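> Numbering (our numbering) for the sequence shown: 1498 to 1960.
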Amino acid sequence: QLPGAMVKVDRNHGAGKGSPGAIMGSKSLKAIAVRGTGRVPLANPDAFMEVAAAWERALLASPPFSHHRFLHDGGISRNYGRLLGDTYRVAFKNMSDPEGGRAYAQRWVDACARWRVTPRPSYNCQVACAYDVEMTDGPLAGYRVSLSGGGENTEGAAGMIGVDDSAHAMLLTEHYDDIGLESGAFGSILGMLYEAYDRGWLTKADTDGLELTWGNWEAALVLVEKAIKREGLGRTLALGLREAAEELGRPRGLADELLGIAVHVKGDGINMHDWRPLQSAVFAHIVSGSGPAKFGLGSDHQPLEEIGYATPTGGVSDRREDALAKVDSVRKSQFCKMWWDSLGICWFACGGVPKALTFTAEATKHAVGWDDFTVAEALAVGERIVTSLRLIYQRRGFTKRDELDYGKRYTEPAAAGPARGKTIEPWIPAMVDEYYRQMGWDVETGYVRPECLRRLGIEELAP
């Protein structure tokens, strides 16, 4: 039941945010297997297929900001450098070295160009972001890894501890996946640990004799194993990020300092990129309703034309009015993302795709026979989900103070790139207040007002 315990689906895919594997483990549940031989009936199959075909054409056109453009057929293996490296969004050395992250991404691309890359699409997937890599040279020649389609997996597993060599970075990423450990959660713990060692806050006496120098991938393997077995330092790491920072830092009076360098929101690891060049995404993780997950990233990341953002908005500013202007797109993008998630479809088929809201609303209408179902109703579904998750926060004792629980490293000005010298940190409390106002929640507490529940037709969920 480690932080980041995953539920695996296949070799290339798994669910890890929020440690769902820990929930299954607490119930001694090893796996869920489903078999079916029937068909799903469609209310209007011909109309449904017309919408599906139009949606597919829009996706395959590879719009400029779509995931298909950069990620199709294992595209991160070709585009990691220009998509994330050149935009200074790779988390490297505990998010302290954006230039190092840029080089990390390009080395990955260069290595994949030499090695054998095979796309591994999910069923009927037209993006096919997941891929396998067979290394064909070097000491790991012949070794094969199975990777998901983004960069969060390898940044959490290897980038955060400064691994330079792409072969070892892939080995670490594969190891996390093989044992079912989400690297954003546990990688944040190790990133904090390695930086504390680099600063001299921790010594070999604190690390079971391990040299936690940047790039020491072998030590990371040992630490993961120790955490699994609850041995030595592993017992502390298995407690979680916040608890590990306090236990390791308290004897030296450095608990706050360790937690300050930790890349976290509400004590958990984020979707592991350096989001500081996209400030709407920074804020979106803070007000996510399910821990620091991709709950909707605002409009700095991609256009959201159907909700009023035809082009991506400016990613970086240090002015109050610009920061507050990002709140609206974050809120509306949450409604979009929760609507799409409720359908069980991949965000990569929707994000940056023109008319994605229309396609999904129309497809739902023809699938179930809701002839008058609209985009506005789809967004209302998303808003109900966002609001319902906030009610869970309330029932579990959430306070407004918890909303502002994030590591200083997460929001401090970056050392290089677009976010160099700039941060929205001073304006985040005001952004939270504005978010509450726009949601119709109580600004003082962050709790859902009764009139909001009535407007959404979910009064029965009132605490």
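C-beta atoms are modelled at their ideal positions from N, C-alpha and C, and glycine is treated no differently.
Quick caveat, the model's predicted, so the values are computed rather than measured.
Under 8 Å, do Ala1654 and Thr1633 count as touching if we go by C-beta distance?
Start at 1 with the first residue of the sequence shown, and residue 1654 comes out as number 157. Start at 1 with the first residue of the sequence shown, and residue 1633 comes out as number 136. Not closer than 8 Å, so no.
> Report the three-state DSSP secondary structure of Tyr1806 (helix, strand or coil).
Looking up residue 1806 in the sequence shown gives position 309. Strand, per DSSP.
> Any chance you could list the alpha helix (DSSP H) runs of at least 4 consecutive residues sitting entirely within the stretch 1745 to 1829, in chain order?
Listed in chain order, the complete alpha helix (DSSP H) runs (minimum 4 residues) inside the stretch 1745 to 1829 are 1752 to 1758, 1776 to 1783.
> The beta strand (DSSP E) with Pro1561 in it runs from where to where?
In the sequence shown, residue 1561 corresponds to position 64, counting from 1. Counting along the chain, Pro1561 falls outside any beta strand (DSSP E), and DSSP gives it neither H nor E.
> Give the DSSP-derived three-state secondary structure of Arg1893 in the structure shown.
Translated into positions along the sequence shown, residue 1893 becomes position 396. Looking at Arg1893 - three-state DSSP - the assignment turns out to be coil, as it is neither helix nor strand.
> Excluding five sequence neighbours on each side, which residues of the same chain lie with their C-beta closer than 6 Å to the C-beta of Val1929?
Here residue 1929 corresponds to residue number 432 of the sequence shown, with the count starting at 1. Excluding residues within five positions, the ones whose Cβ falls inside 6 Å are Glu1900.
> Unbroken beta strand (DSSP E) runs of length 3 or more, entirely within the stretch 1628 to 1678: which are they?
Correct list: 1628 to 1631, 1641 to 1644.
> Taking 8 Å as the threshold (C-beta atoms), are Leu1751 and Trp1698 in contact?
Position 201 of the sequence shown holds residue 1698. Position 254 of the sequence shown holds residue 1751. The answer is yes: Cβ separation under 8 Å.
> With the cut-off set at 8 Å, would you say Ala1502 and Gly1522 are in Cβ contact?
To locate residue 1502, count along the sequence shown from 1; it is residue 5. To locate residue 1522, count along the sequence shown from 1; it is residue 25. Yes. Within cutoff.
> Hey, how far is the Cα of Gly1706 from the Cα of Arg1732?
Numbered from its first residue, the sequence shown carries residue 1706 at position 209. Numbered from its first residue, the sequence shown carries residue 1732 at position 235. Their backbone Cα atoms lie some 15 Å apart in a straight line.
> Measure the C-alpha to C-alpha separation of Tyr1694 and Glu1722 and round it to an integer number of angstroms.
What you label residue 1694 is simply residue 197 of the sequence shown in a count that begins at 1. What you label residue 1722 is simply residue 225 of the sequence shown in a count that begins at 1. If you take the alpha carbons of Tyr1694 and Glu1722, they lie about 19 Å apart.
> Can you say whether Leu1709 is buried or exposed, counting buried as having 16 or more other CB atoms within 10 angstroms of its CB?
Along the sequence shown, read from residue 1 onward, the residue named residue 1709 stands at position 212. Buried, since its Cβ has 16 or more Cβ neighbours within 10 Å.
> Evaluate Met1546 with the Cβ neighbour count: other Cβ atoms within 10 Å of its Cβ, from every protein chain shown; 16 or more gives buried, anything less gives exposed.
Along the sequence shown, one-based indexing puts residue 1546 at 49. Answer is exposed; the Cβ neighbour count stays below 16.
> Decide if Ser1525 is buried, meaning its Cβ has at least 16 other Cβ atoms within 10 Å, or exposed.
Sequence index remark: in the sequence shown, residue 1525 carries index 28 (1-based). The residue is exposed, with fewer than 16 neighbouring Cβ atoms inside 10 Å.
> Out of Ser1796, Gly1513, Glu1803, Ala1913, point me to the one whose CA is closest to Leu1821's CA.
Within the sequence shown, residue 1821 is the residue found at index 324, counting from 1. Per the Cα distances, Ser1796.
> Hey, Ser1685 and Ala1759: beta-carbon distance below 8 Å or not?
Here residue 1685 is taken as the residue at index 188 of the sequence shown, counted from 1. Here residue 1759 is taken as the residue at index 262 of the sequence shown, counted from 1. In contact: Ser1685 and Ala1759 (Cβ atoms closer than 8 Å).
> Compare the C-alpha of Pro1923 against each of Asp1819, Arg1617, Asp1570, Thr1810 and name the closest.
The count along the sequence shown starts at 1 and reaches residue 1923 at position 426. Taking only the C-alpha atoms, the option nearest Pro1923 is Asp1819.
> Nearest-angstrom Cα distance between Thr1857 and Trp1844?
Taking the first residue of the sequence shown as 1, we reach residue 1857 at position 360. Taking the first residue of the sequence shown as 1, we reach residue 1844 at position 347. In a straight line, the C-alpha of Thr1857 is about 12 Å away from that of Trp1844.
> Could you give the residue range of the alpha helix (DSSP H) that holds Thr2013?
Missing from the structure shown is residue 2013; the chain here goes from 1498 to 1960 and no further.
> Does the Cβ-Cβ distance between Leu1652 and Val1587 come in under 8 Å?
For the purposes of this step, residue 1652 is identified with residue 155 of the sequence shown, where counting begins at 1. For the purposes of this step, residue 1587 is identified with residue 90 of the sequence shown, where counting begins at 1. Note on residue identity: the sequence assigns Glu, not Leu, to residue 1652. For Glu1652 and Val1587, yes; Cβs fall inside 8 Å.
> Quick check: the stretch 1831 to 1851 against the stretch 1559 to 1576, are at least 3 beta-carbon pairs closer than 8 Å?
Enough Cβ pairs lie closer than 8 Å, so yes.
> What are the residues that DSSP puts in a beta bridge with Tyr1601?
Here residue 1601 is taken as the residue at index 104 of the sequence shown, counted from 1. DSSP output for Tyr1601 lists no bridge partner at all.
> Identify, in the order they occur along the chain, each residue of the same chain with its Cβ nearer than 6 Å to the Cβ of Gly1746, setting aside the five sequence neighbours on each side.
Stepping through the sequence shown from its first residue, residue 1746 is reached at position 249. Ala1752, Leu1755, listed in sequence order.
> Have a look at Pro1926 and Asp1868 and give me their C-alpha separation to the nearest angstrom.
Within the sequence shown, the letter at position 429 stands for residue 1926. Within the sequence shown, the letter at position 371 stands for residue 1868. Answer to the nearest angstrom: the Cα atoms are 43 Å apart.
> Here's a check: name, in chain order, each residue in its chain whose Cβ is nearer than 6 Å to the Cβ of Gly1918, leaving out the five neighbours to either side.
Counting from one through the sequence shown, the residue named residue 1918 turns up at place 421. Once the five neighbours on either side are set aside, the close Cβ partners of Gly1918 are Pro1910.
> Does DSSP classify Lys1852 as helix, strand or coil?
In the sequence shown, residue 1852 corresponds to position 355, counting from 1. It is coil, neither helix nor strand.
> What residues are listed by DSSP as bridge partners for Thr1615?
On the sequence shown, residue 1615 is found 118 positions in, with the first residue counted as 1. Partner(s): Asp1629.
> How many angstroms separate the CA atom of Gly1786 from the CA atom of Cys1833?
Taking the first residue of the sequence shown as position 1, residue 1786 is located at position 289. Taking the first residue of the sequence shown as position 1, residue 1833 is located at position 336. For Gly1786 and Cys1833, the distance between alpha carbons rounds to 14 Å.
> Between Glu1715, Arg1828, Val1624, Ser1559, which lies nearest to Ala1664 when the distance is taken from Cα to Cα?
Taking the sequence shown and counting its residues from 1, the one referred to as residue 1664 is at position 167. Comparing Cα-Cα distances from Ala1664 to each of Glu1715, Arg1828, Val1624, Ser1559, the minimum goes to Glu1715.
> Pull the bridge partners of Tyr1903 from the DSSP assignment, please.
The count along the sequence shown starts at 1 and reaches residue 1903 at position 406. Val1762.
> Taking Leu1801 and Ser1777 to be in contact with their CB atoms under 8 Å, please state how far apart those CB atoms are, rounded to whole angstroms.
In the sequence shown, counting from the first residue as 1, residue 1801 sits at position 304. In the sequence shown, counting from the first residue as 1, residue 1777 sits at position 280. In fact, because the Cβ distance is near 10 Å, the residues do not count as touching under 8 Å.
> From Asp1594 to Arg1696, what distance separates their C-alpha atoms?
On the sequence shown, residue 1594 is found 97 positions in, with the first residue counted as 1. On the sequence shown, residue 1696 is found 199 positions in, with the first residue counted as 1. Whole-angstrom Cα-Cα distance: 14 Å.
> Quick check on the burial criterion: 16 or more other C-beta atoms within 10 angstroms. Buried or exposed for Gly1894?
Along the sequence shown, one-based indexing puts residue 1894 at 397. When all chains shown are included, Gly1894 counts as exposed.
> Since Trp1938 sits in a beta bridge, which residues does DSSP pair it with?
As a position in the sequence shown, residue 1938 is number 441, starting the count at 1. Trp1938 is bridged to Val1945.
> Are the CB atoms of Asp1771 and Gly1511 within a distance shorter than 8 Å?
Numbered from its first residue, the sequence shown carries residue 1511 at position 14. Numbered from its first residue, the sequence shown carries residue 1771 at position 274. Taking 8 Å as the Cβ cut-off, Gly1511 and Asp1771 do not qualify as a contacting pair.
> In chain order, what residues of the same chain have a beta carbon less than 7 Å from the beta carbon of Ala1615, not counting five sequence neighbours either side?
Working through the sequence shown from its first residue, we reach residue 1615 at position 118. One detail in the question is off: residue 1615 reads as Thr in this sequence, not Ala. Result list for Thr1615: Tyr1628, Asp1629, in chain order.
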